[in-house]
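Participant: Quick note on this note's numbering: the sequence shown kicks off at 165 and runs consecutively.
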Amino acid sequence: MRFLHLDSIWVQGAMRIKKPEKLELEYVQRMMAWMLWRDTRELTQGQAVQLGLGAGALTRFCRKQLKMKTTAVELNPTVISACRHWFHLPDDDDRFRVLNEDAGEWVADAANWGTAQVLNVDLYDHEAAAPVLDDEAFYANCHRVLADGGLMTVNLFGRSASFARSAARIAKVFGSDQVWHLSPTREGNTIVVAGRGVTVPEREVLEQRAANIEARHELPASKWLKLVRPLPMNVIQQIREQA
165 MRFLHLDSIW
175 VQGAMRIKKP
185 EKLELEYVQR
195 MMAWMLWRDT
205 RELTQGQAVQ
215 LGLGAGALTR
225 FCRKQLKMKT
235 TAVELNPTVI
245 SACRHWFHLP
255 DDDDRFRVLN
265 EDAGEWVADA
275 ANWGTAQVLN
285 VDLYDHEAAA
295 PVLDDEAFYA
305 NCHRVLADGG
315 LMTVNLFGRS
325 ASFARSAARI
335 AKVFGSDQVW
345 HLSPTREGNT
355 IVVAGRGVTV
365 PEREVLEQRA
375 ANIEARHELP
385 ASKWLKLVRP
395 LPMNVIQQIR
405 EQA
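Okay, structure coming up:
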């Protein structure tokens, strides 16, 4: 295993050297939970965007395993360099690119609106204390980046972060009926899934999708399905208070 640290004790990413496309960290696997909400026949269509490169795990997976058009946006050039040298990140081509840009500015650019079917948001500094971008304006631009039926996953973790506050901001933009979360990992990572006009299928369909994801991509999707929750009442209350 190879781990990425940004001048701190916090693990910012990991890769199994002999299996670089395999998702190793549990919370990173759960960042792919959007696959449950997407029709199996359309699973690999469109563009996947990662805000925050980390060790490139999601980027490699979407490009190699799902064969999606993939874009990663990373502010720190050292992270990009490390991924190129140590984490098997390939060179850019016509279906893959890594942008050394500010994620907030990228989602605010109207040229990028409506271009992503999948948006993975994992934005932390070297201290991993709280999300770097976490306000309502940022999530509103994330919503604009998604095409109709698109899905966003957000890693909410940090010693100073408030899940309820962040989830309420997301739900205020996306609508409370378009936001779900998975129970926290042992390390405290809570993954939020938010959709733009997504219809939730029947339980039987979700179970079939989970089985397909496990068979084709070796991800614990049946476990995800058991962990998915609607927004808790304290989050709903915060939304009402903000209205």
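We treat Cβ as the ideally placed atom computed from N, Cα and C, and that holds for glycine.
1) For A267 and L287, which I take to be in contact (beta-carbon distance under 8 Å), what is that distance rounded to the nearest angstrom?
2) With a threshold of 6 Å on Cβ separation, who are the neighbours of R308 within its own chain once the five nearest residues in sequence on each side are excluded?
3) Would DSSP call Q209 helix, strand or coil?
4) Any idea what DSSP makes of I403, helix, strand or coil?
5) List the whole-angstrom C-beta distance separating V318 from V285, where the pair is believed to meet the contact cut-off of C-beta under 8 Å.
6) Around the Cβ of A401, are there at least 16 other Cβ atoms within 10 angstroms (buried) or fewer (exposed)?
7) From the DSSP output, in three-state form, read off M397 for me.
8) Give the single residue among Q281, V262, D298, T363 whose Cα lies nearest to the Cα of V337.
9) Who are the near neighbours of A350 in its chain, counting only those whose CB is closer than 7 Å to its CB and skipping five residues on each side?
10) Any contact between the segment 211–231 and the segment 387–402? By contact I mean 3 or more CB pairs, one from each, below 8 Å.
11) Just verifying my parser: in three-state terms, what is the DSSP assignment at N240?
12) Pop quiz: M195 and R180 are said to be a contact at Cβ under 8 Å. What is the actual Cβ separation, rounded to whole angstroms?
13) What are the boundary residues of the beta strand (DSSP E) that includes A358?
14) Leaving out five residues before and five after Y191 in sequence, what residues of the same chain have Cβ atoms less than 8 Å from its Cβ?
15) Can you check whether the CB of L207 is closer than 8 Å to the CB of L199?
16) Suppose contacts are defined by Cβ-Cβ distances below 8 Å. Is A412 in contact with A304 by that definition?
17) If I measure Cβ to Cβ from G361 and keep anything under 7 Å in the same chain, skipping five residues before and after, which residues do I get?
18) According to DSSP, is T204 part of a helix, a strand, or is it coil?
19) Can you give me the start and stop residues for the beta strand (DSSP E) that R333 sits inside?
20) Would you list, in sequence order, the uninterrupted beta strand (DSSP E) runs of no fewer than 3 residues that lie entirely inside the segment 257–317?
21) Considering V362, what are the terminal residues of the beta strand (DSSP E) in which it resides?
22) Can you list, in chain order, the residues of its chain whose CB lies under 8 Å from that of L315, leaving out five sequence neighbours each side?
23) Does the Cβ of Q342 have 16 or more other Cβ atoms within 10 Å, making it buried, or fewer, making it exposed?
Facilitator: In brief:
1) Along the sequence shown, one-based indexing puts residue 267 at 103. Along the sequence shown, one-based indexing puts residue 287 at 123. Rounded to whole angstroms, the Cβ separation of A267 and L287 is 6 Å, and the two are in contact under 8 Å.
2) One-based indexing of the sequence shown puts residue 308 at position 144. W277, listed in sequence order.
3) As a first step, residue 209 is located in the sequence shown; it is residue number 45 there, counting from the start. Q209 falls in the coil class under three-state DSSP.
4) For the purposes of this step, residue 403 is identified with residue 239 of the sequence shown, where counting begins at 1. Correct three-state label for I403: helix.
5) Taking the first residue of the sequence shown as position 1, residue 318 is located at position 154. Taking the first residue of the sequence shown as position 1, residue 285 is located at position 121. Confirmed, about 4 Å.
6) Sequence index remark: in the sequence shown, residue 401 carries index 237 (1-based). Per the sequence shown, residue 401 should be read as Gln rather than Ala. In this structure Q401 is exposed. Its beta-carbon is surrounded by fewer than 16 other beta-carbon atoms within 10 angstroms.
7) Taking the sequence shown and counting its residues from 1, one reaches residue 397 at position 233. Three-state DSSP puts M397 in a helix.
8) In the sequence shown, the residue the question calls residue 337 occupies position 173. Taking each of Q281, V262, D298, T363 in turn and checking the Cα distance to V337, the smallest one comes out for D298.
9) The residue labelled residue 350 in the question sits at position 186 within the sequence shown. One point to set straight first is that residue 350 is Arg, not Ala, in the sequence displayed. Nothing meets the Cβ criterion.
10) Verdict: no, contact absent.
11) Taking the first residue of the sequence shown as 1, we reach residue 240 at position 76. Reduced to three states, the DSSP call for N240 is coil.
12) Along the sequence shown, one-based indexing puts residue 195 at 31. Along the sequence shown, one-based indexing puts residue 180 at 16. Cβ atoms of M195 and R180 stay farther apart than 8 Å, at about 17 Å.
13) Along the sequence shown, one-based indexing puts residue 358 at 194. Where A358 is concerned, the enclosing beta strand (DSSP E) stretches over 354–359.
14) In the sequence shown, the residue the question calls residue 191 occupies position 27. If the five residues before and after Y191 are omitted, its C-beta is found closer than 8 Å to the C-beta atoms of N319, F321, T349, E351, N353, I355, all from its own chain and listed in chain order.
15) Here the question's residue 199 lines up with position 35 in the sequence shown. Here the question's residue 207 lines up with position 43 in the sequence shown. The question names Leu, yet the displayed sequence has Met at residue 199. For M199 and L207, yes; Cβs fall inside 8 Å.
16) The shown model of the chain, from 165 to 407, leaves out residue 412, and the question about it has no answer.
17) In the sequence shown, counting from the first residue as 1, residue 361 sits at position 197. The residues are D312, G313.
18) Walking along the sequence shown from the start, residue 204 turns up at place 40. Secondary structure of T204 (DSSP, three-state): helix.
19) Counting from 1 along the sequence shown, the entry for residue 333 is found at position 169. Annotation: R333 is outside any beta strand (DSSP E); the continuous alpha helix (DSSP H) that includes it extends over 327–338.
20) 260–263, 280–285, all fully within the segment 257–317.
21) Locating residue 362 in the sequence shown gives position 198, counting from the first residue. V362 -> no beta strand (DSSP E), and no H or E assigned at all.
22) Position 151 of the sequence shown, counted from the start, is the residue given in the question as residue 315. Residues of the same chain with a CB within less than 8 Å of the CB of L315, apart from the 5 flanking positions on each side, are W198, W201, R202, Q281, V282, L283, V357, A358, G359, R360, V362 in chain order.
23) For this step, residue 342 is matched to residue 178 along the sequence shown. In the assembly as shown, Q342 is a buried residue. Its beta-carbon has 16 or more other beta-carbons within 10 Å.
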